[in-house]
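Notes to accompany the following structure.
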Amino acid sequence: MSVHRSAAPRYTVTGGAVLRGKVQISGAKNASLAAMCAALLTDEDVILTNVPKISDVDTLGELLVSLGCVVERLGNGRLRLNGGGVRLFEAPSELISENRASFQVMGPLLAAHGYAASAPPGGDVIGQRPIDVHLEGFRALGARISRDGERYVAEAADGPLSLKGARIFMDYPSVSGSQNVMMAAVLASGHTTMVNAATEPEVQELAHLLNAMGAKISGIGSQMLEIDGVRELHGATARIMPDRIEAGTFAIAAAMSGGDVEIDDAPCGVMDALLAKLIAMGTSVDRAEGHLRIRGARELKSVNFQALPYPGLATDLHAPMATALTQAHGVSVIHERVFDNRMLYVTELLKMGARIVSTGNSAIITGPTALNGAHVRALDVRAGAAILLAALVADGVTVIDDIQHLDRGYEHLDTKLRALGVQIERS
Ligand code: UD1
Numbered sequence: 406m407s408v409h410r411s412a413a414p415r416y417t418v419t420g421g422a423v424l425r426g427k428v429q430i431s432g433a434k435n436a437s438l439a440a441m442c443a444a445l446l447t448d449e450d451v452i453l454t455n456v457p458k459i460s461d462v463d464t465l466g467e468l469l470v471s472l473g474c475v476v477e478r479l480g481n482g483r484l485r486l487n488g489g490g491v492r493l494f495e496a497p498s499e500l501i502s503e504n505r506a507s508f509q510v511m512g513p514l515l516a517a518h519g520y521a522a523s524a525p526p527g528g529d530v531i532g533q534r535p536i537d538v539h540l541e542g543f544r545a546l547g548a549r550i551s552r553d554g555e556r557y558v559a560e561a562a563d564g565p566l567s568l569k570g571a572r573i574f575m576d577y578p579s580v581s582g583s584q585n586v587m588m589a590a591v592l593a594s595g596h597t598t599m600v601n602a603a604t605e606p607e608v609q610e611l612a613h614l615l616n617a618m619g620a621k622i623s624g625i626g627s628q629m630l631e632i633d634g635v636r637e638l639h640g641a642t643a644r645i646m647p648d649r650i651e652a653g654t655f656a657i658a659a660a661m662s663g664g665d666v667e668i669d670d671a672p673c674g675v676m677d678a679l680l681a682k683l684i685a686m687g688t689s690v691d692r693a694e695g696h697l698r699i700r701g702a703r704e705l706k707s708v709n710f711q712a713l714p715y716p717g718l719a720t721d722l723h724a725p726m727a728t729a730l731t732q733a734h735g736v737s738v739i740h741e742r743v744f745d746n747r748m749l750y751v752t753e754l755l756k757m758g759a760r761i762v763s764t765g766n767s768a769i770i771t772g773p774t775a776l777n778g779a780h781v782r783a784l785d786v787r788a789g790a791a792i793l794l795a796a797l798v799a800d801g802v803t804v805i806d807d808i809q810h811l812d813r814g815y816e817h818l819d820t821k822l823r824a825l826g827v828q829i830e831r832s
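The opening position of the sequence shown corresponds to residue 406 in this note's numbering, with each subsequent residue numbered one higher.
If you want it as structure tokens, here you go:
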């Protein structure tokens, strides 16, 4: 194994772990990010609890502060936001390029202040990430959209609070697009209907928060959102839902290591697609409200899956599931239906001895394979999770570089894994 030095943090993982014990799931990354942007819609305090300490939250927090928003960590996962002092309506491009959610300041700024500008969003390199759905939604609400160099500029013709409700067909049920347009529509005069909106739990959570702030959104959880515009929103306190992707990642890790793990604060009610696949693989799954117990089978079975919009299997669990299937008996065929470049993890898994043939957005995985420790990289947040899971069961030591990608979405990941019996060091 060749080892080279790099400035970025890395994990060193000794394989052969059988995960046992309890793990507590943190607040959801994507729900936190959307909720933070919603604070721009009111002058009053928005208090969020159960906010994870992850770098995506820090980056968005910095961006909000640069706009003039107060972002204060109160300790114990509590975050106070106050958008009353926002005087700048343009997101600095160096912060926008770091994560996708940053573009979601556009909707609330446009609605509340009549003007918003931003460079295209960043985030993982998991494929083309257009923003046409966001921009079309803003346009339908009466905004003028223009391009100024790199930046998109959205302007409401008559200034702050002058958007007008409309019937909007979302060309694709984009998660952040639905959230962005919903945040613009809550302060638009009259009625808005969003057709083909995303139904992801994080979209539902945002709608509930907005309603707690005084918005009038119905149809929550369906693809048809009905919004009656209001003149202003007020402050609110909300607990961020637990992270279904983190819970899913630990469930997969428990299953593939043949372990026995209790997962506390697991949002079981929104994890059906994953749990059905784990059961089909032979895993024993006990579920109760907010609690999961996962016991891995002696011999895992292969399954086929497609990564789909909710309630299908989450694209963010595609890569970790693919790693699990390297340990299953038989051939598994998987398809990615959401993003066009989700297969980055394949090259890293191949270095560890996996038998995967991938073409385009599909892969055929043959298992079980005895994986070997290697020097690999976390190429994005979920590809990083996939490679980490491989390291858990590999023979020998795996060094994973660039784990700053994992820091974007997983709170205290090494600490949680150590508590389950994994030998993992951060350096
Ligand atoms: C969000 C999540 C991400 C998750 C994804 C899908 C956040 C911060 N990130 O990303 O973790 O993997 O949902 O569940 O919440 N698309 C368009 N036009 C648009 C926008 C998107 O065609 O204007 C397409 C994209 O090319 C992609 C698909 O929609 O193929 C999904 O993207 P989208 O739902 O927007 O994902 P994000 O909101 O970026």
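Note that beta-carbon positions come from the ideal geometry of N, C-alpha and C, so glycine has one too.
Residue j beta carbon less than 8 Å from that of residue i
i: Val401; j: Ala768; result: In this structure the chain extends from 406 to 832, so residue 401 is not present and cannot be described.
i: Leu749; j: Asp785; result: yes
i: Ala671; j: Leu697; result: yes
i: Gly701; j: Gly663; result: yes
i: Glu631; j: Thr598; result: yes
i: Gly640; j: Glu449; result: yes
i: Ala440; j: Leu611; result: yes
i: Asn766; j: Val738; result: no
i: Leu754; j: Ala790; result: no
i: Met587; j: Ile536; result: no
i: Ala824; j: Gly421; result: no
i: Val475; j: Ser437; result: no
i: Val892; j: Met511; result: Outside the displayed span of the chain (406 to 832) sits residue 892, for which this structure offers no information.
i: Ile668; j: Ala656; result: yes
Residues that residue i bridges to, as DSSP identifies them
i: Phe574; result: Val600
i: Leu735; result: Note that residue 735 is Gly in the sequence shown, not Leu. Beta-bridge pairing links Gly735 to Gly772.
i: Ser763; result: Ala768
i: Phe744; result: Beta-bridge pairing links Phe744 to no other residue.
i: Asp806; result: Arg782
i: Phe710; result: Ile739
i: Pro647; result: Gly432
i: Arg692; result: Leu697
i: Thr454; result: Arg644
i: Tyr557; result: Ser523 and Arg552
i: Glu704; result: Glu704 pairs with nothing; no bridge assigned.
Supposed close pair residue i, residue j - CB separation, criterion 8 Å
i: Leu514; j: Phe543; result: 11 Å between Cβ atoms; not a contact.
i: Arg831; j: Tyr416; result: 6 Å
i: Leu822; j: Ala659; result: Rounded, the Cβ-Cβ distance is 11 Å, inconsistent with contact.
i: Met757; j: Ala779; result: 5 Å
i: Val600; j: Ile573; result: 7 Å
i: Leu592; j: Val635; result: 7 Å
i: Ile792; j: Val804; result: Between Val804 and Ile792 the Cβ distance is about 11 Å, and since that is not below 8 Å, they are no contact.
i: Leu705; j: Met676; result: Not quite, the Cβ-Cβ distance comes to about 18 Å (not below 8 Å), so this is no contact.
i: Leu797; j: Val418; result: 7 Å
i: Pro414; j: Lys434; result: At roughly 18 Å, the Cβ-Cβ gap does not stay under 8 Å, so Pro414 and Lys434 are not in contact.
i: Met618; j: Thr454; result: So it is not a contact: roughly 15 Å between Cβ atoms.
i: Leu374; j: Leu568; result: Since the first and last residues shown for the chain are 406 and 832, residue 374 lies out of range.
i: Arg848; j: Ala522; result: This structure cannot speak to residue 848, because the chain is shown only from 406 to 832.
Extent of the continuous alpha helix (DSSP H) run through residue i
i: Gly789; result: Val786 to Val798
i: Tyr715; result: Tyr715 -> no alpha helix (DSSP H), and no H or E assigned at all.
i: Glu499; result: Ser498 to Ile501
i: Leu592; result: Careful: Leu592 lies outside any alpha helix (DSSP H) and carries neither H nor E.
i: His539; result: Asp537 to Ala545
i: Lys756; result: Tyr750 to Lys756
i: Ile684; result: Asp677 to Ala685
Enclosing beta strand (DSSP E) for residue i [first to last residue]
i: Lys621; result: Lys621 to Ser623
i: Asn487; result: Arg483 to Asn487
i: Leu479; result: Val475 to Gly480
i: Ala641; result: Ala641 to Arg644
i: Gln833; result: Residue 833 is absent from the model: the chain starts at 406 and stops at 832.
i: Val418; result: Tyr416 to Thr419
i: Val510; result: Taken as a continuous stretch (DSSP letters only), Val510 belongs to no beta strand (DSSP E), as it is neither H nor E.
i: Met629; result: Met629 to Asp633
i: Ile668; result: Asp665 to Asp669
### Query
Are three or more beta carbon pairs between the segment 632-652 and the segment 427-438 nearer than 8 Å?
yes
### Message
Under 8 Å: do the segment 713-733 and the segment 678-690 share three or more Cβ pairs, one atom per stretch?
### Response
yes
### Task
Decide if the segment 576-584 is in contact with the segment 551-566; the criterion is three or more beta carbon pairs, one per stretch, under 8 Å apart.
no
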